[in-house]
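Using our numbering, you'd call the opening residue of the sequence shown number 19 and step up by one each time. Glycine is no exception: its CB is placed at the ideal position from the N, C-alpha and C atoms. In this text the structure is predicted, and so the values were computed from the model without any measurement. Since the structure comes first, as structure tokens, the remarks are kept for the end.
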Amino acid sequence: MVERLDLTFHALADPTRRGMLASLKQGEKSIGELARPHAMSFAGASKHVQVLERAGLISRRKVGRAQICRIEAAPLAEADRWLRQWAAFWSDRLDRLETAIADGKA
19 MVERLDLTFH
29 ALADPTRRGM
39 LASLKQGEKS
49 IGELARPHAM
59 SFAGASKHVQ
69 VLERAGLISR
79 RKVGRAQICR
89 IEAAPLAEAD
99 RWLRQWAAFW
109 SDRLDRLETA
119 IADGKA
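This is the structure in structure tokens:
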């Protein structure tokens, strides 16, 4: 699972790839359509798509000459579960700090 999380967070670290994923929330798109808002070549967009695909965040299929991409949610759900454990950790810490402040101990 850690390796998959590493791939997911690596893929999400780039704003262009996050933009591509956001675009795919609206539905399937070709690589050319994903490239257009980022003013990049097909080759450049294809490299980003490969990173997203390696992380399992998207899948693609060929329709004629076009490669159609769609979002795959499972890796995002895994990342969300991992992040939620840290949200609970920090929430607990902040609750204790709030109690200490209220008790005049901080």
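On the DSSP letters alone, give me the boundaries of the beta strand (DSSP E) that Ala84 sits inside. Position 66 of the sequence shown, counted from the start, is the residue given in the question as residue 84. That run of the beta strand (DSSP E) goes 84-89.
Here's the rule I'm using: 16 or more other beta-carbon atoms within 10 Å means buried, otherwise exposed. How should Pro93 be labelled? Here residue 93 is taken as the residue at index 75 of the sequence shown, counted from 1. The residue in question, Pro93, is buried, as its Cβ has 16 or more Cβ neighbours within 10 Å.
Would a C-beta distance cut-off of 8 Å place Ala97 and Thr26 closer than the cut-off? On the sequence shown, residue 97 is found 79 positions in, with the first residue counted as 1. On the sequence shown, residue 26 is found 8 positions in, with the first residue counted as 1. Contact: yes.
If I measure Cβ to Cβ from Ser41 and keep anything under 8 Å in the same chain, skipping five residues before and after, which residues do I get? By one-based count along the sequence shown, residue 41 stands at place 23. Lys47, Glu51, Leu52, Pro55, listed in sequence order.
Rounding to the nearest angstrom, what Cα-Cα distance links Arg83 and Ala61 in this structure? To locate residue 83, count along the sequence shown from 1; it is residue 65. To locate residue 61, count along the sequence shown from 1; it is residue 43. Roughly 15 Å separates the two Cα atoms.
Spatially closest choice to Ala91 from Ala73, Gln68, Glu21, by CA coordinates: Working through the sequence shown from its first residue, we reach residue 91 at position 73. For Ala91, the nearest C-alpha among the options comes from Ala73.
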